[in-house]
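What follows is a set of notes on a single structure, which appears directly below.
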Amino acid sequence: MSDPILLTIAVLGGTGKEGKGLAYRWARAGYRVLIGSRTPPKAVDAAEELSMMLGGQSHIVGLGNFEAAEQADIVVLTVPYSAHRPTLESVNDVVQGKLLIDVTVPLVPPKVSKVQMPEAGSATQEARAILGKDVEICAAFQNISHQHLLGDDNVTCDVLVTGTSKDARAETIKLVEAAGLNGWDAGPIENSVVVEGLTSVLIGINKKYGSTHAGITITGVKKQATD
Ligand SMILES: NC(=O)c1ccc[n+]([C@@H]2O[C@H](COP(=O)([O-])OP(=O)(O)OC[C@H]3O[C@@H](n4cnc5c(N)ncnc54)[C@H](OP(=O)(O)O)[C@@H]3O)[C@@H](O)[C@H]2O)c1
C-alpha cells in the first residue's frame, strides 16, 4: 500500500513546524502530499514554499484540513495538543476506514518538560476514543525535532511507532523510512504513553544541556524490526 505513486498523504496542521518538515520529506520521496490548514490560503503558501524547495518536481497541494483529510489515503495530525480534539472531531467522518498517524504530544504549558499525560493515557489513545475502532491509529515522530526535517540532512534519531495493529505499524514504518528516518515497531497503542512522555524528557534535556533537538536511538539490535 505504501507505493508513493498510489498514495496521498494529508498533513493536518502541515503549515506548522513539524508538519511542514514531514510534508517536505514525503513529497521528496514521491508521495502526493496535501497540506491541511484551518486557513486554506496559508496551506497553499506552505505548499508553494515546499514545491519550490523541491524544484517544482513534487506533488504538493494546500487545502483546508477537512478537504485534505477527505482526499487522502493516510492522514497525519501535527497540531498543538490544545487543537487535538477539535481537529479530530472536525475530520471524524472523512477519516473512517483510513490510517491516522498522530504526531501530537500532550504538552501542557508552561511546564512542557514535565510529563503530564491525559486521562485516556496518551493523545493517541484519545484519538482512538474520538475516532472509534474503524480508524487504524499510530503514534510516530513525537521524539523527532522539526529542526531535523525541513532539509536533506541525514537524521540519526530513531522513530518509535506504536499503534492499533501490526499492519498499521508496518505501514507507518514505511513512511518513517520514506522520510529518511529509522523506524521501530514499539508495540500497541498503549505504549504511546511512553513515547509521548519521552518528548518532555527530551525537552528537559535540551534545556539542561543547551541543545534544541535531542533525540533517541535504539542500540543493541542488529536488524530493524519491521514485522
Ligand atoms: N515542533 C517540533 O519539533 C515537534 C516535535 C515532535 C512533535 N511535535 C508535536 O507536533 C505537533 C505540532 O507541533 P508544531 O511545532 O508543528 O506546532 P505549531 O507549528 O505550533 O502548529 C502546527 C499547526 O497547527 C495549527 N494550529 C495551531 N493552533 C491551532 C488551534 N488552536 N486550532 C487548530 N489548529 C491549530 C496551525 O495550522 P493552521 O493555522 O494552518 O491551521 C499550525 O501551523 C504538536 O503536538 C507537537 O507537540 C512537535
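Basically our numbering = 1-based index in the sequence shown + 45.
Note that CB positions come from ideal geometry on N, CA and C, so glycine has one too.
Fair warning: this is a prediction, and the values are worked out from it, not measured in the lab.
Taking DSSP as the reference, what is the three-state secondary structure of residue i?
i	result
isoleucine 263	coil
aspartate 272	Low confidence applies here, because aspartate 272 scores a pLDDT of 49, under 50, leaving its location unreliable and the question unanswered by this model.
lysine 180	Reading off the sequence shown, one finds valine at residue 180, where the question assumed lysine. The answer is coil: DSSP assigns valine 180 none of H, G, I, E or B.
aspartate 138	helix
alanine 152	The sequence shown places leucine at residue 152, rather than the alanine named in the question. If DSSP states are grouped into helix, strand and coil, leucine 152 belongs with coil.
glycine 208	strand
glutamine 161	coil
proline 125	coil
histidine 193	helix
glycine 101	coil
glutamine 187	coil
threonine 257	coil
threonine 169	helix
glycine 321	Here the chain has residues from 46 to 272 only, and residue 321 is not among them.
Could you spell out the range, first to last residue, of the beta strand (DSSP E) harbouring residue i?
i	result
histidine 104	104–109
isoleucine 80	77–82
arginine 212	Checking the sequence, you will find aspartate at residue 212 rather than arginine. Here aspartate 212 belongs to no beta strand (DSSP E); instead the alpha helix (DSSP H) covers 211–223.
Compute the distance between the beta-carbons of residue i and residue j, then report whether it is under 9 Å.
i	j	result
alanine 88	alanine 117	no
glycine 225	arginine 70	yes
leucine 152	isoleucine 248	yes
glutamate 241	alanine 168	yes
leucine 144	lysine 65	no
threonine 257	serine 190	yes
proline 125	leucine 108	no
aspartate 212	glutamate 181	yes
leucine 176	leucine 220	no
leucine 184	valine 206	Leucine is not the amino acid found at residue 184; the sequence shown has alanine there. In this structure, valine 206 lies closer than 9 Å to alanine 184 by Cβ.
glycine 81	alanine 55	yes
glutamine 170	valine 238	yes
phenylalanine 186	isoleucine 218	no
threonine 201	arginine 173	no
Kindly identify the DSSP beta-bridge partner or partners of residue i.
i	result
tryptophan 71	According to DSSP, tryptophan 71 bridges with nothing at all.
asparagine 227	Asp203
isoleucine 54	Val78 and Ile119
leucine 144	Ile119 and Glu181
proline 233	Gly208
Grab the span of the alpha helix (DSSP H) containing residue i for me, first residue to last.
i	result
leucine 95	85–98
valine 240	237–254
Are the C-beta of residue i and some C-beta of chain D separated by less than 9 Å?
i	result
methionine 162	Absent from the structure is chain D; it holds one protein chain and no more.
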